[in-house]
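Student: Line by line, the protein sequences give chains A and B. Per the working numbering, the first sequence starts with residue 6, numbered consecutively. Per the working numbering, the second sequence starts with residue 8, numbered consecutively. For each residue, glycine too, the CB sits at the ideal point set by N, CA and C.
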Amino acid sequence: DAKTTQPNSMESNEEEPVHLPCNHSTISGTDYIHWYRQLPSQGPEYVIHGLTSNVNNRMASLAIAEDRKSSTLILHRATLRDAAVYYCIPQTGANNLFFGTGTRLTVIP
Amino acid sequence: EPEVTQTPSHQVTQMGQEVILRCVPISNHLYFYWYRQILGQKVEFLVSFYNNEISEKSEIFDDQFSVERPDGSNFTLKIRSTKLEDSAMYFCASSVYGGYQPQHFGDGTRLSIL
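Have a look at this one:
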């Protein structure tokens, strides 16, 4: 499984954009890049996933580097509800997700 | 929006006792999963289940663990003889299909072994 590197923590001001980076230099050509988040006292929550092209949904955008060795999750306007641990997870197509330690995002009012 | 529900939210059990954690996956989903998270640690995969069979399991999922889909709606995780180190949050998840499909998680059952 591809190893990931994410900052331990990041801060953002409320209503500002947030760019959460992830390095996954050992990713294979068929691994999708998934992002999940875990709010305090809740289960993980799916955010977005992609393979090669940038992806947008109602929660966030995912920018994938051309060489696929890194990706960035973009929250366009951080709210207090976005304070969570964000996990970048390359998935091999197997049915299991391997969670790392993620990035703890603090949103400052 | 449909969601995965787990019961109970908190289970306290004596060491050596059997415990059953219950989950109701999203109704049209075909794949089901259990994960656990020991306090302060990573979320860890335990097992995935499809078509009434285990499709994958981790090293954590030893003979003390079993899963079952006893009817059309419930998905259960049984721990036969609990140990202190089984204390954790247990999360159930489901997905429409396997592979790259997003997994939808419940809010977990906190299992405390005394």
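Three or more beta-carbon pairs under 8 Å between the stretch 79 to 87 of chain B and the stretch 69 to 89 of chain A, yes or no?
Tutor: Too few Cβ pairs lie closer than 8 Å, so no.
Student: Compare the C-alpha of A:Lys74 against each of A:Leu80, A:Glu20, A:Cys93 and name the closest.
Tutor: Locating residue 74 of chain A in the first sequence gives position 69, counting from the first residue. When only C-alpha atoms are compared, the closest one is A:Cys93.
Student: Run through DSSP, which three-state label would A:Arg109 get?
Tutor: If you number the first sequence from 1, residue 109 of chain A lands on position 104. Correct three-state label for A:Arg109: strand.
Student: Is it buried or exposed for A:Pro22, if we count other Cβ within 10 angstroms and need 16 for buried?
Tutor: Taking the first sequence and counting its residues from 1, the one referred to as residue 22 of chain A is at position 17. So A:Pro22 ends up on the exposed side.
Student: According to the neighbour-count rule (16 or more other Cβ atoms, all chains shown, within 10 Å of its Cβ), is A:Arg42 buried or exposed?
Tutor: Counting from one through the first sequence, the residue named residue 42 of chain A turns up at place 37. Flag for A:Arg42 reads buried.
Student: Here's the rule: buried if 16 or more other CB atoms are within 10 angstroms of the residue's CB, otherwise exposed. What is A:His81?
Tutor: Stepping through the first sequence from its first residue, residue 81 of chain A is reached at position 76. A:His81 should be labelled exposed.
Student: To the nearest angstrom, how far is it from the Cα of B:Thr116 to the Cα of B:Ala95?
Tutor: In the second sequence, counting from the first residue as 1, residue 116 of chain B sits at position 109. In the second sequence, counting from the first residue as 1, residue 95 of chain B sits at position 88. Distance between the alpha carbons of B:Thr116 and B:Ala95 is about 8 Å.
Student: Please classify A:Thr9 as buried or exposed, where buried requires at least 16 neighbouring CB atoms within 10 angstroms.
Tutor: Here residue 9 of chain A corresponds to residue number 4 of the first sequence, with the count starting at 1. A:Thr9 comes out buried.
Student: Could you work out which residue in A:Arg63, A:Ser33, A:Leu25, A:Asn62 is closest to A:Asp108 when comparing CA atoms only?
Tutor: Mapped onto the first sequence, residue 108 of chain A falls at position 103. The sequence as given places Thr at residue 108 of chain A; Asp does not occur at that position. Minimum Cα distance to A:Thr108 is reached at A:Leu25.
Student: Spatial neighbours of B:Pro32 within its chain, please: C-beta separation below 6 Å, excluding the five flanking residues on both sides.
Tutor: Translated into positions along the second sequence, residue 32 of chain B becomes position 25. The residues are Val11, Phe39, Phe82, Ser101.
Student: Grab me the residues of B:Pro109's own chain with a C-beta within less than 7 Å of its C-beta, minus the 5 sequence neighbours each way, in chain order.
Tutor: For this step, residue 109 of chain B is matched to residue 102 along the second sequence. So the qualifying residues of the chain are Ser102.
Student: With distances taken from CA atoms, which of A:Glu71, A:Ala65, A:Val112 is nearest A:His54?
Tutor: Indexing the first sequence from 1 puts residue 54 of chain A at position 49. Per the Cα distances, A:Ala65.
Student: Among all the DSSP beta bridges, which residues are the ones paired with B:Arg87?
Tutor: Locating residue 87 of chain B in the second sequence gives position 80, where the first residue counts as 1. Beta-bridge pairing links B:Arg87 to no other residue.
Student: Just to confirm the assignment, what range does the beta strand (DSSP E) spanning A:Ser14 have?
Tutor: Here residue 14 of chain A corresponds to residue number 9 of the first sequence, with the count starting at 1. Segment 14 to 18, the beta strand (DSSP E) holding A:Ser14.
Student: Excluding five sequence neighbours on each side, which residues of the same chain lie with their C-beta closer than 7 Å to the C-beta of B:Gln24?
Tutor: The residue you call residue 24 of chain B lines up with position 17 of the second sequence. Excluding sequence neighbours, B:Gln24 sits near Thr89.
Student: Is A:Gln59 close to chain B, meaning its C-beta is less than 8 Å from at least one C-beta of that chain?
Tutor: Taking the first residue of the first sequence as 1, we reach residue 59 of chain A at position 54. Before going on, a small fix: residue 59 of chain A reads as Asn here, not Gln. Answer no: the Cβ-Cβ gap between A:Asn59 and chain B never drops below 8 Å.
Student: To the nearest angstrom, how far is the alpha carbon of A:Trp40 from that of B:Leu37?
Tutor: Residue numbering aside, residue 40 of chain A sits at position 35 when the first sequence is read from its first letter. Residue numbering aside, residue 37 of chain B sits at position 30 when the second sequence is read from its first letter. Cα-Cα distance, rounded: 22 Å.
Student: For B:Arg29, write down the residues that DSSP places opposite it in a beta bridge.
Tutor: Within the second sequence, numbered from 1, the residue matching residue 29 of chain B stands at position 22. B:Arg29 is bridged to B:Thr14, B:Thr83.
Student: What residues in its chain sit with their C-beta under 6 Å from that of A:Ser17, if we drop five residues either side in the sequence?
Tutor: Here the question's residue 17 of chain A lines up with position 12 in the first sequence. Taken in chain order, the residues that qualify are Val23, Ala83, Val112.
Student: Is there a C-beta anywhere in chain B that falls below 8 Å from the one on A:Gly48?
Tutor: For this step, residue 48 of chain A is matched to residue 43 along the first sequence. Interface residue, yes.
Student: Taking a contact to mean a Cβ-Cβ separation below 8 Å, would you say A:Ala68 touches A:Asn59 in this structure?
Tutor: Counting from one through the first sequence, the residue named residue 68 of chain A turns up at place 63. Counting from one through the first sequence, the residue named residue 59 of chain A turns up at place 54. Taking 8 Å as the Cβ cut-off, A:Ala68 and A:Asn59 qualify as a contacting pair.
Student: Mind checking if A:Leu110 is an interface residue toward chain B, Cβ cutoff 8 Å exclusive?
Tutor: Numbered from 1 along the first sequence, position 105 holds the residue referred to as residue 110 of chain A. False, the Cβ-Cβ gap to chain B never drops below 8 Å.
Student: DSSP three-state label for A:Arg86, please.
Tutor: In the first sequence, counting from the first residue as 1, residue 86 of chain A sits at position 81. A:Arg86: helix per DSSP, three-state reduction.
Student: Would you check if the distance between the CB atom of A:Gly48 and the CB atom of B:Phe52 is smaller than 8 Å?
Tutor: Numbered from its first residue, the first sequence carries residue 48 of chain A at position 43. Numbered from its first residue, the second sequence carries residue 52 of chain B at position 45. No; because the gap between Cβ atoms is not below 8 Å, this pair is not in contact.
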